[in-house]
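Just so you know, the sequences run in chain order A and B. Mapping to this note's numbering: the first sequence position 152 is 152, numbers consecutive. Numbers given in this note's numbering equal positions in the second sequence, counted from 1, plus 248. Reading through the structure tokens given below for one structure.
There are 2 protein chains.
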Amino acid sequence: MDGPLRTVERTMRLLSELGASLEPLSLAELSRRLGLGKATVRRFLLSLEELGYVGRDARGAYSALPALGRIVAQPAAAVSRQVAGELRELAAETGTGISLGVLRGQEVLYLWREPPGSAAGVVLGEGARLPAHATAIGKILLAQLAPEAVAEIYGDTPPRAFTPRTIVSLPLLLGALQEIRRQGWALSDGELEEGLTAAAVPVYDRAGGLRWALNAASPGHRLAPAAFATDVVPALMRAAGRIGAIES
Amino acid sequence: MDGPLRTVERTMRLLSELGASLEPLSLAELSRRLGLGKATVRRFLLSLEELGYVGRDARGAYSALPALGRIVAQPAAAVSRQVAGELRELAAETGTGISLGVLRGQEVLYLWREPPGSAAGVVLGEGARLPAHATAIGKILLAQLAPEAVAEIYGDTPPRAFTPRTIVSLPLLLGALQEIRRQGWALSDGELEEGLTAAAVPVYDRAGGLRWALNAASPGHRLAPAAFATDVVPALMRAAGRIGAIES
DNA sequence: GCAAAGTGTATCGCACAATGAAACGCAAGG
DNA sequence: CCTTGCGTTTCATTGTGCGATACACTTTGC
Numbered sequence: 001m002d003g004p005l006r007t008v009e010r011t012m013r014l015l016s017e018l019g020a021s022l023e024p025l026s027l028a029e030l031s032r033r034l035g036l037g038k039a040t041v042r043r044f045l046l047s048l049e050e051l052g053y054v055g056r057d058a059r060g061a062y063s064a065l066p067a068l069g070r071i072v073a074q075p076a077a078a079v080s081r082q083v084a085g086e087l088r089e090l091a092a093e094t095g096t097g098i099s100l101g102v103l104r105g106q107e108v109l110y111l112w113r114e115p116p117g118s119a120a121g122v123v124l125g126e127g128a129r130l131p132a133h134a135t136a137i138g139k140i141l142l143a144q145l146a147p148e149a150v151a152e153i154y155g156d157t158p159p160r161a162f163t164p165r166t167i168v169s170l171p172l173l174l175g176a177l178q179e180i181r182r183q184g185w186a187l188s189d190g191e192l193e194e195g196l197t198a199a200a201v202p203v204y205d206r207a208g209g210l211r212w213a214l215n216a217a218s219p220g221h222r223l224a225p226a227a228f229a230t231d232v233v234p235a236l237m238r239a240a241g242r243i244g245a246i247e248s
Numbered sequence: 249m250d251g252p253l254r255t256v257e258r259t260m261r262l263l264s265e266l267g268a269s270l271e272p273l274s275l276a277e278l279s280r281r282l283g284l285g286k287a288t289v290r291r292f293l294l295s296l297e298e299l300g301y302v303g304r305d306a307r308g309a310y311s312a313l314p315a316l317g318r319i320v321a322q323p324a325a326a327v328s329r330q331v332a333g334e335l336r337e338l339a340a341e342t343g344t345g346i347s348l349g350v351l352r353g354q355e356v357l358y359l360w361r362e363p364p365g366s367a368a369g370v371v372l373g374e375g376a377r378l379p380a381h382a383t384a385i386g387k388i389l390l391a392q393l394a395p396e397a398v399a400e401i402y403g404d405t406p407p408r409a410f411t412p413r414t415i416v417s418l419p420l421l422l423g424a425l426q427e428i429r430r431q432g433w434a435l436s437d438g439e440l441e442e443g444l445t446a447a448a449v450p451v452y453d454r455a456g457g458l459r460w461a462l463n464a465a466s467p468g469h470r471l472a473p474a475a476f477a478t479d480v481v482p483a484l485m486r487a488a489g490r491i492g493a494i495e496s
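Written out as structure tokens, the structure is:
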């Protein structure tokens, strides 16, 4: 075996091209960008259209449809009504922004994100991704992994700096994770964005396996970092227990 | 030609399966779910791994990597530093949450989303998607299209209701869009979520073509709907002018 | 008005890429 | 120890995906 399957590579190149463009692209244009014959590109497009991943406008030009984005954001469907209720309650109780996420490579994939102060419970931002090493939720998720696994994830690309407080080396990160593991929860104090503080705890299922992580964030120093440890984290832990007990 | 290209269909099925699962999946498990031979599935996985779309953990199980999500969120890269500066300024000026997005089928794809009240400018939620017909930004984007184009988009699936105020039929939507087109900006008053108000304006590039739409949202009745028309919209319009003038 | 260039669409025979059965080594578990 | 399930490798076969070519049609330029 050598090299990727030709058709797979072409499929991904095509999707990538469509996803990158804000305007719909014509068949001829795509054919040129991909360096493939029109007939070939057309067959790919018709296939993807039939599958519901691309659509065509009135002029016949192609563009990526929401279904494509949903491929990766599908996990959002995993958040049941019952879990959602718990999350909203938690948001009201703590007055912070609550998120739920899983680890995907070096990033956290959010399944639920509720901005702080949204009285009516505005659910926004599922499907978003943020760097794991600079967020509380990311660190608590990384802390569930063996150090070697973390090292492999960051193998070639070291953690990137966002603020002066961001952890920017693998050894430092591993050290921080060990401490977090011991402590049972993670804090990010302005590591992603100046003035943004967050705490996170893991959510285990009934069998004791990691299911998600739960995050409480408070922007703009509305809540002192110290207040997280005393007030927010206990509430997070209680909620994580309740949520973990819910049948998936 | 009949039916989708086999390899394309299999590629998408595989990605879909990987994206839907929160835990990494083993080769054998995927082979079973797809109903394909292990050898075949393996070649697909190796291809996608080489292309950087899937990764494997220590135990060899496969999972989707962030790169997959980035296929569709790539447009986020289209927001330059200069544009970002304008957005932050606008957020500070209006005290609302500012978003930037484009239309993708029936949904708005957000390129930038900043929650209200984030003093330091927390950039979150690019790549998220929300239904176009229930958001201000979605309606202003739809209003740029010909009515027939809108009708085609909603052809088989009528607008879904989220609150009692959501527009739930195509004729009503087309009527609202006409009014919006005349007015030059759109308002969503609790159409997506009770108590969430937002206004949006289009952003044209120098050639006069539609580039994006700009949205200002204020949750929890912090700002009265009437205040949008008098205070927020003019600020939005000014910002849209400045942003549209920026070279892409 | 007519070229000319560009578009999307349809056809078709061939090469070879992709396929799945089968066999192998290995680790885990009963 | 045998069994079961896993990932990996090999291999001959075949039918799938390929692109050159040709066609109808619209847009553009003069």
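From the three backbone atoms N, C-alpha and C, an ideal C-beta is built for every residue, glycine too.
Which residue comes first and which comes last in the beta strand (DSSP E) that contains residue i?
{"i": "A:ALA64", "result": "62-64"}
{"i": "A:LEU259", "result": "Residue 259 of chain A lies beyond the stretch modelled for chain A, which goes from 1 to 248, so this question has no answer here."}
{"i": "A:THR11", "result": "Unbroken run through A:THR11 is the alpha helix (DSSP H), 6-20; no beta strand (DSSP E)."}
{"i": "A:ARG165", "result": "First-last for A:ARG165: undefined, no H or E at that position."}
{"i": "B:THR405", "result": "Here B:THR405 belongs to no beta strand (DSSP E), and DSSP marks it neither H nor E."}
{"i": "A:PRO131", "result": "129-131"}
{"i": "B:THR445", "result": "445-452"}
{"i": "B:GLY303", "result": "302-304"}
{"i": "B:ARG459", "result": "458-466"}
{"i": "B:ALA434", "result": "434-437"}
Pop quiz: residue i and residue j are said to be a contact at Cβ under 8 Å. What is the actual Cβ separation, rounded to whole angstroms?
{"i": "B:PRO316", "j": "B:GLY267", "result": "Reading the sequence as shown, one finds Leu at residue 316 of chain B and not Pro. Confirmed, Cβ separation roughly 7 Å."}
{"i": "A:LEU173", "j": "A:PRO159", "result": "6 Å"}
{"i": "A:ALA149", "j": "B:ASP305", "result": "7 Å"}
{"i": "B:ALA447", "j": "B:LEU484", "result": "6 Å"}
What separation, rounded to the nearest whole angstrom, lies between the Cα atoms of residue i and residue j?
{"i": "B:GLY333", "j": "B:GLU277", "result": "47 Å"}
{"i": "A:ALA240", "j": "A:THR96", "result": "15 Å"}
{"i": "B:TRP433", "j": "B:TRP360", "result": "19 Å"}
{"i": "B:SER328", "j": "A:THR11", "result": "28 Å"}
{"i": "A:ALA64", "j": "B:LEU378", "result": "15 Å"}
{"i": "A:SER31", "j": "B:PRO482", "result": "43 Å"}
{"i": "B:ILE415", "j": "B:THR383", "result": "10 Å"}
{"i": "B:ILE491", "j": "B:TYR358", "result": "16 Å"}
{"i": "A:GLU114", "j": "B:SER347", "result": "15 Å"}
{"i": "A:GLY70", "j": "A:ALA226", "result": "According to the sequence shown, residue 70 of chain A is Arg rather than Gly. When rounded, the distance between both Cα atoms is 38 Å."}
{"i": "A:GLY121", "j": "A:VAL108", "result": "Low confidence applies to A:GLY121: its pLDDT is 40, below 50, so where it sits in the model is not reliable, and the reading given next is rough at best. Using only the alpha carbons, I get a separation of about 22 Å."}
{"i": "B:GLY423", "j": "B:VAL350", "result": "21 Å"}
{"i": "A:VAL8", "j": "A:ALA151", "result": "29 Å"}
{"i": "B:ARG261", "j": "B:LEU471", "result": "45 Å"}
{"i": "A:ILE180", "j": "A:GLU49", "result": "47 Å"}
{"i": "A:GLU191", "j": "A:ARG165", "result": "5 Å"}
{"i": "B:PHE292", "j": "A:PRO171", "result": "35 Å"}
{"i": "B:LEU263", "j": "A:SER16", "result": "14 Å"}
{"i": "A:LEU328", "j": "A:THR40", "result": "The question about residue 328 of chain A has no answer here: the residues shown for chain A are numbered 1 through 248."}
{"i": "B:SER274", "j": "A:THR157", "result": "26 Å"}
{"i": "B:PHE410", "j": "A:ILE246", "result": "26 Å"}
{"i": "A:SER188", "j": "A:ARG182", "result": "16 Å"}
{"i": "B:PRO314", "j": "A:SER169", "result": "21 Å"}
{"i": "B:GLY403", "j": "B:HIS381", "result": "14 Å"}
{"i": "A:LEU46", "j": "A:LYS38", "result": "12 Å"}
{"i": "B:PRO272", "j": "B:PRO395", "result": "44 Å"}
{"i": "B:GLY456", "j": "A:LEU22", "result": "16 Å"}
{"i": "A:SER218", "j": "A:LEU87", "result": "15 Å"}
Mind checking which residues open and close the alpha helix (DSSP H) that includes residue i?
{"i": "B:GLY492", "result": "481-493"}
{"i": "A:ALA39", "result": "38-50"}
{"i": "B:ARG281", "result": "275-282"}
Say yes only if the C-beta of residue i is nearer than 6 Å to one or more non-hydrogen atoms of the ligand GDP, and no if none qualify.
{"i": "A:SER47", "result": "Inclusion of the ligand GDP in the displayed structure is not the case, the ligand content being empty and no account of it being possible."}
When the Cβ atoms of the segment 448-462 of chain B are set against those of the segment 379-388 of chain B, are three or more pairs found closer than 8 Å? yes
At least three beta-carbon pairs within less than 8 Å, the segment 2-11 of chain A to the segment 334-344 of chain B: no
Residue ranges of each alpha helix (DSSP H) run of no fewer than 4 residues wholly in the segment 327-366 of chain B, ordered along the chain? 329-342
With three or more beta-carbon pairs closer than 8 Å as the criterion, would you say the segment 48-65 of chain A touches the segment 298-314 of chain B? no
Taking 8 Å as the threshold, find out whether the segment 222-232 of chain A comes into contact with the segment 200-212 of chain A through three or more Cβ pairs. no
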